[in-house]
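Below: one structure, written as structure tokens.
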Amino acid sequence: MTDEAAMQSVAGGDLDKAAILYERYKRPLYNFYLRFGLERDSSQDLTQQVFYRIIHYRSSFREGYEFRTWIYRIARNIYHDYLKEHTHNHKDLHENIEVAEEENYDDEQYLLIQKALKKLPQEYQEVLTMSRYDELKYEEIADILNISVSLVKVRVHRGLKQLKEEYLKLN
Amino acid sequence: MEQLFADYLEDKLNTRQKQELETLLANDEALRDEFEDLKAFYADMHKPTELDPTATLDLGFYMMLEKEKGAEQKKKEKEQKGAMRVSWVNSPILKYAAGIIILLGIFWVGRKTADKDLNDISDIPSLREEMKETRQMLSMLKNESASERIQAVNYSYDISKPDDKVLEALIKTLNTDTNINVRTAAAEALSHFGSEKIARDALIQTLLTQKEPTLQITVIDILAGLGDKRAVKPMQKLLQSTDTEDFVKRKAMESVKVLSL
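Sequences listed follow chains P and G, in order.
The working numbering applies: residue 525 is where the first sequence begins, and numbers increase by one.
The working numbering applies: residue 58 is where the second sequence begins, and numbers increase by one.
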């Protein structure tokens with residue numbers, strides 16, 4: 525059963541089909557949040573909120589939507605809400621992100637790249653993370669961010685250039 | 058070049074584009090060096106080993122799913138009852154029969170109530186269950202985790218006759234919770250108790266204070282659905298405000314029209 529067919533069933537009231545989608549997406553979404561530098565508990569919390577939203581707002585899923593981009597768009601909105609809630613203490617948030625990343629991953633190369641990535645503007649961080657780590661296609665990223673595919677490509681190129689510069693500074 | 062490079066990384070270049078890229082690189086040494094550098098760097102950005110969420114996530118999800126299934130079932134039953142009621146009302150014979158049954162019913166209830174010892178009311182299992190759910194809900198609303206608080210809000214759906222404590226807790230959540238999803242869940246729970254004036258008042262009031270467009274849209278939808286004409290004024294204020302997003306204004310405009318009919 526495709527994601528879209530499962531979600532159409534959910535939207536039509538067959539809520540058991542939500543379990544299929546949950547089992548397919550819980551791990552990618554949990555890691556999506558971990559890679560943004562959130563602690564494990566917060567990542568689980570936000571992952572659960574994604575599924576809460578897709579079930580609760582199931583009727584807003586329309587025929588023709590691509591489920592993967594729809595769920596990632598929701599996941600991204602939830603992440604932005606989380607950031608907004610924690611912006612009153614930006615310094616603490618950044619310190620927590622660094623600590624969380626070191627706890628979650630023991631790959632030094634990856635941690636260094638993540639450190640450099642956090643120094644980039646948000647729009648570059650997003651496209652690089654989604655493209656490289658979440659393995660989303662440019663078309664999907666464009667759809668999630670509601671921007672053109674050309675702009676995604678420009679951001680990938682410019683973001684990568686800046687990332688390399690920041691990485692070299694840290695090395 | 059930016060487009061070509063990005064497409065190269067995804068291996069999406071066609072033959073013509075590949076040739077175009079090769080020509081560009083062949084004619085510009087600095088560009089070629091930059092290209093090779095970035096290509097190598099991109100390859101180094103390997104994906105870390107993915108981690109598995111714990112069983113707590115599964116537990117939370119399946120509990121939430123069961124809760125939603127219960128709510129969906131109740132909604133269906135309510136709709137079925139509503140449909141049956143409509144067909145009854147349209148039948149003149151049944152109207153008379155219903156009148157007689159109601160009279161007999163009133164007489165019977167009167168007799169039963171007179172006989173009943175009201176002190177035994179706490180022994181009624183369903184009422185006891187509701188009291189337990191109320192306590193559980195109020196305590197869960199203090200939880201640090203937003204998803205736990207959402208679940209707490211969802212518990213309120215199981216309470217058929219909410220007391221003031223429940224409604225006040227939902228109103229407080231709607232107005233003060235730091236998490237937008239929890240506030241949205243509280244607004245929807247209050248709409249469930251839309252027959253209670255205190256719930257409608259809170260929803261009308263909150264329209265003037267909530268700044269999140271998604272929540273504004275939710276509350277506007279709820280108030281239009283409840284058909285409370287008092288919501289027109291705050292909606293007009295939203296329409297006049299320069300801070301209100303255009304899509305919220307469009308929604309408010311539609312709802313003002315519906316409520317003004």
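Ideal Cβ placement from N, Cα and C applies to all residues, glycine included.
Take the Cβ of residue i as the centre, count every other Cβ of all protein chains shown within 10 Å, and call the residue buried at 16 or more, exposed below.
{"i": "residue 194 of chain G", "result": "buried"}
{"i": "residue 526 of chain P", "result": "exposed"}
{"i": "residue 651 of chain P", "result": "buried"}
{"i": "residue 200 of chain G", "result": "exposed"}
{"i": "residue 79 of chain G", "result": "exposed"}
{"i": "residue 67 of chain G", "result": "exposed"}
{"i": "residue 679 of chain P", "result": "buried"}
{"i": "residue 238 of chain G", "result": "buried"}
{"i": "residue 245 of chain G", "result": "buried"}
{"i": "residue 188 of chain G", "result": "exposed"}
{"i": "residue 120 of chain G", "result": "exposed"}
{"i": "residue 342 of chain G", "result": "With chain G covering only 58 through 318, there is no way to say anything about residue 342 of chain G."}
{"i": "residue 234 of chain G", "result": "buried"}
{"i": "residue 230 of chain G", "result": "buried"}
{"i": "residue 580 of chain P", "result": "buried"}
{"i": "residue 64 of chain G", "result": "buried"}
{"i": "residue 684 of chain P", "result": "buried"}
{"i": "residue 577 of chain P", "result": "buried"}
{"i": "residue 670 of chain P", "result": "exposed"}
Run through chain P and tell me which residues come within less than 8 Å of residue i, C-beta to C-beta.
{"i": "residue 113 of chain G", "result": "568"}
Using a Cβ-Cβ distance under 9 Å, would residue i count as near chain P?
{"i": "residue 188 of chain G", "result": "no"}
{"i": "residue 249 of chain G", "result": "no"}
{"i": "residue 207 of chain G", "result": "yes"}
{"i": "residue 303 of chain G", "result": "no"}
{"i": "residue 119 of chain G", "result": "yes"}
{"i": "residue 126 of chain G", "result": "yes"}
{"i": "residue 177 of chain G", "result": "At residue 177 of chain G the pLDDT is 46, less than 50, meaning the model places this residue with poor confidence and gives no usable figure here."}
{"i": "residue 199 of chain G", "result": "no"}
{"i": "residue 64 of chain G", "result": "yes"}
{"i": "residue 136 of chain G", "result": "no"}
{"i": "residue 99 of chain G", "result": "yes"}
In chain G, which residues lie less than 7 Å from residue i when you measure between Cβ atoms?
{"i": "residue 537 of chain P", "result": "129"}
{"i": "residue 674 of chain P", "result": "60"}
{"i": "residue 657 of chain P", "result": "104"}
{"i": "residue 546 of chain P", "result": "118"}
Considering residue i, what are the terminal residues of the alpha helix (DSSP H) in which it resides?
{"i": "residue 608 of chain P", "result": "591 to 610"}
{"i": "residue 558 of chain P", "result": "542 to 559"}
{"i": "residue 311 of chain G", "result": "303 to 317"}
{"i": "residue 667 of chain P", "result": "662 to 669"}
{"i": "residue 639 of chain P", "result": "632 to 641"}
{"i": "residue 98 of chain G", "result": "86 to 101"}
{"i": "residue 70 of chain G", "result": "Unbroken run through residue 70 of chain G: none, as it is neither H nor E."}
{"i": "residue 677 of chain P", "result": "673 to 694"}
{"i": "residue 212 of chain G", "result": "203 to 212"}
{"i": "residue 270 of chain G", "result": "270 to 283"}
{"i": "residue 256 of chain G", "result": "254 to 263"}
{"i": "residue 654 of chain P", "result": "No alpha helix (DSSP H) holds residue 654 of chain P; DSSP gives it neither H nor E."}
Would you please verify whether the beta carbon of residue i is less than 9 Å from any beta carbon of chain G?
{"i": "residue 677 of chain P", "result": "yes"}
{"i": "residue 671 of chain P", "result": "no"}
{"i": "residue 533 of chain P", "result": "no"}
{"i": "residue 693 of chain P", "result": "no"}
{"i": "residue 687 of chain P", "result": "yes"}
{"i": "residue 586 of chain P", "result": "no"}
{"i": "residue 482 of chain P", "result": "In this structure chain P extends from 525 to 695, so residue 482 of chain P is not present and cannot be described."}
{"i": "residue 529 of chain P", "result": "no"}
{"i": "residue 652 of chain P", "result": "yes"}
{"i": "residue 667 of chain P", "result": "no"}
{"i": "residue 639 of chain P", "result": "no"}
{"i": "residue 589 of chain P", "result": "no"}
{"i": "residue 562 of chain P", "result": "no"}
{"i": "residue 681 of chain P", "result": "yes"}
Who are the neighbours of residue i on chain G, taking C-beta pairs under 9 Å?
{"i": "residue 634 of chain P", "result": "102, 103, 104 and 105"}
{"i": "residue 631 of chain P", "result": "103, 105 and 106"}
Mind pulling the chain G residues with CB within less than 8 Å of residue i?
{"i": "residue 558 of chain P", "result": "108"}
{"i": "residue 643 of chain P", "result": "Near residue 643 of chain P there are no residues of chain G at all, since even the closest Cβ is about 15 Å away, more than 8 Å."}
{"i": "residue 571 of chain P", "result": "110 and 114"}
{"i": "residue 579 of chain P", "result": "121, 122 and 125"}
For residue i, go through chain P and note every residue whose CB falls closer than 7 Å to its CB, in chain order.
{"i": "residue 266 of chain G", "result": "Those do not exist, as residue 266 of chain G stays about 17 Å from chain P at its closest Cβ, beyond 7 Å."}
{"i": "residue 235 of chain G", "result": "609"}
{"i": "residue 95 of chain G", "result": "684, 685 and 688"}
In chain P, which residues lie less than 9 Å from residue i when you measure between Cβ atoms?
{"i": "residue 213 of chain G", "result": "Going along chain P, no residue has its Cβ under 9 Å from residue 213 of chain G, so there is no contact; the nearest lies around 14 Å."}
Check your understanding: Between the region 591 to 613 of chain P and chain A, which residues of the former have a C-beta closer than 7 Å to a C-beta of the latter?
Key -> Of the protein chains in the structure, P and G, none is chain A.
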